[in-house]
Structures are given as structure tokens and as C-alpha cells.
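Notes follow once the structure below has been shown.
In this note's numbering, the protein residues as written are 27 to 415.
Right under this line is the structure:
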């Protein structure tokens, strides 16, 4: 395997490199946003043919620092896309955070690579574009049957469960599990003074700041609902969400006879990362074995849709279709950043994300440029509302 990792300095990227070390996968390309120090260390360890930093200034500095190596340094969006679509990588793991991941996802699929997708925004903002590329690959002589493998623990769980489905019968329902985040059980009033430090205390998973805040608002689970609609060709009303605090059951599928299959494991992202990279095979893993006797109990609860409005906001966006998921995603990205910068309150995130539903957007076909334009409009709207421009 010749592997390209986009977002190699982030949480998922670093864990993917752990898997690569364990199984001696060749690292053909690495890319990150701006962490030049960490990317330099990775370049010197793995000797990729190419590497990129999205931040062009940081990329210039990195190029000088690694001039004694054989690694070619790219920059900007063109650099990320080049890493994703150029030889010698045959497999691309996209774990960058945000809408920046969309173009490399489409580029990699179109270039005939296997895409192991951990970038939620690719499907949320450009689901039709991504799945059209997948279908074109499947129809082509060289495309293969599985050009897109999900990496998110929930979607990996669903994908794994679907391996047991009958040939001509898909699931009746998908059930996404959610930890509930650090504010589970809180009321809307109880979150009026929620702090960033509190929002970053996820009970089970170690993730980056943006995704952890999304988990606290439960916007992250709303994004996963939209992803599930695209990945598994489901209607939004056939995707349920259940709170499962232990994060042992990663998601479930229900068939027409009401039998339910679930995928279980300790909360460790190396399991879904490795499965995506090695599918359809399973390799030995360093992850701790699941011992149910130690866990003792598994609990479940309904989400609090009134307190955590982001769930319904995302569901409404995907029901409308077109560019509405892209608009809601970009509005949330901007609001999430403003909260992390201390410029708005925690409860403002959902209120701001919801304003994207008021935008007048087409519900038909769209292009990558349309997604970028919607992104700019949504972010500008949020900043105007916050009086930051």
C-alpha cells in the first residue's frame, strides 16, 4: 500500500501513522494545515515523495528546512489536491478539518485512488459531487467496487455491519450512537454560561478543538446524520440517533425483519482507521480488547432536541438538499471558531448556524465553485450578525 495522509499532524492523521508504522505501510504523501515542525518530523521519519502545507508561508519555510531530503513540498489548496491525486499513492486518507477537504476528496476519487474519508465536510457540503464521483468510478473499467470507505467510527460501524446484509436487501433504518458530549443532561438554561474549557472535556474521545466543540453542541452528530444519508443512500427520517454514553456500540443497522446488528469496540480510532485502509481484510491491532465484564452495563437515552438544536438544524438542511447542508456547515464552522476565540457564547453557535436556513439557495445541481461561493456567503452572514466586519 502506498498511502497519502491529508491532515497528518491532527489526531486522526497521527493515529493513521501509528497504524502505518505497525503494518509497515509506505507513506507516499503527507499534508497538513500549518504545523511545519510536526510535518518536518514526519517527513524525516517516513520519507514521502511529496508533502504539502495549506498555509503557503509555512510551506515556504518547510521547503527550506527539508531541502536535504528527497521530499517535494507543495502549498495551498493546489498542494493538498496534488498530494491526493498524484502518483505514487494508491490510497488516500483525508482527515483534514473543514470544507477545505472537499476538493482533495473529489480529486482523489476521480484520480482512481481509494478514499478513506474522515473529513465530514466533504459529504456534508458536497455530498452529491462526491457520490457522483464514486458512481463514475464504479462504472469505469478501472474503478473497482469500493472507491470510498468511511473512517468516522459511526459510519465505519455501519459499513462493517452492512457486510452481513442480504444481497438484495438494504437496511430499513440506521441508528447512530452519540456520546452526548460533555454537556449531556444540561438544559438550555444550564448552558448559558458554558465555557470553552467545559466544551473541550469530551467524556470518551481525544479529538481536535473544533470537532470537540461540535460534539458539545451535538452539531457533530447532525453532520454524521447528513453523511449517513449520502453514504448509505438513506432518507433522513430513516436515520435515528441514540445517546450511548459509553461509546462501546459505535452504531447499528436495523433490517426489515426488525433484527438489529451492531459493531462494538473500545473507543479507539485506530480500529476504523485500520479497517478502512485494509478493507476487506482485517489485520492484527494494538488496540485494547473489549471486555464486556469490565464495562458491566451499556446505557441509552433519547437526544434532547430542544437543548441541542443543531440536530434538527442539520436534519432540516439535508431534507431541503442542494446547498443548504453546505451553508449550515459553513455557518457552524464560523460560529464554532468565534466561540473558541471567546467572541460569542456557547449557546450562540446553534442560533447562528440556524440562520443559514434563511438563505435563498438553489436545491438542484451545484458545482465545487457553487459550494465555495455558498461558504463565503454563509461566513459573511455570520460575521455581519456578530458585527465583526
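Yeah, the Cβ is synthetic: ideal placement off N, Cα and C, and Gly gets one too.
Query: Are the Cβ atoms of residue 106 and residue 78 separated by less than 8 angstroms?; Result: yes
Query: For residue 415, which residues from the same chain have a beta carbon less than 7 angstroms from its beta carbon, with the 5 sequence-adjacent residues on both sides left out?; Result: With a pLDDT of 49 at residue 415, under the threshold of 50, the modelled position of that residue is not reliable, and the figure given next carries that caveat. So the list reads 409, once near-sequence residues are dropped.
Query: Pull up the distance between the alpha-carbon of residue 202 and that of residue 87, whole angstroms please.; Result: 43 angstroms
Query: Among 277, 132 and 40, which has the Cα closest to the Cα of residue 160?; Result: 132
Query: Would a C-beta distance cut-off of 8 angstroms place residue 175 and residue 140 closer than the cut-off?; Result: yes
Query: Roughly how many angstroms lie between the CA atoms of residue 62 and residue 118, to the nearest whole one?; Result: 21 angstroms
Query: Which same chain residues, not among the five before or five after residue 137, have their C-beta less than 7 angstroms away from its C-beta?; Result: 111
Query: Applying the criterion that 16 or more other CB atoms from any shown protein chain within 10 Å of the CB defines a buried residue, is residue 361 buried or exposed?; Result: buried
Query: Which residues does DSSP list as the beta-bridge partners of residue 30?; Result: 55 and 118
Query: Hey, out of 397, 367 and 340, whose CA is closest to residue 381's CA?; Result: 340
Query: Hey, which unbroken runs of the alpha helix (DSSP H) at 4 residues or more fall wholly within the region 345-413?; Result: 350-366, 374-381 and 394-411
Query: Once you ignore the five residues that flank residue 366 on each side, which residues in its own chain have a CB closer than 7 angstroms to its CB?; Result: 222, 235 and 239
Query: Entirely within the region 240-275 and at least 3 residues each: give me those beta strand (DSSP E) ranges in chain order.; Result: 265-269
Query: Inspect the beta-carbon positions of residue 294 and residue 48 and report whether they are closer than 8 angstroms.; Result: no
Query: Would you be able to state if there are at least three C-beta pairs under 8 angstroms between the region 323-330 and the region 297-315?; Result: no
Query: From the DSSP output, in three-state form, read off residue 157 for me.; Result: helix
Query: How should residue 298 be labelled, buried or exposed, when 16 other C-beta atoms within 10 angstroms of its C-beta is the threshold for buried?; Result: buried
Query: To the nearest whole angstrom, what separates the beta carbons of residue 354 and residue 376, a pair I think is in contact under 8 angstroms?; Result: At roughly 11 angstroms, the Cβ-Cβ gap does not stay under 8 angstroms, so residue 354 and residue 376 are not in contact.
Query: Are residue 232 and residue 37 closer than 8 angstroms when you measure CB to CB?; Result: yes
Query: Counting Cβ pairs closer than 8 angstroms, one from the region 176-192 and one from the region 278-296, do we hit at least three?; Result: yes
Query: For the beta strand (DSSP E) containing residue 142, list its first residue and its last residue.; Result: 140-143
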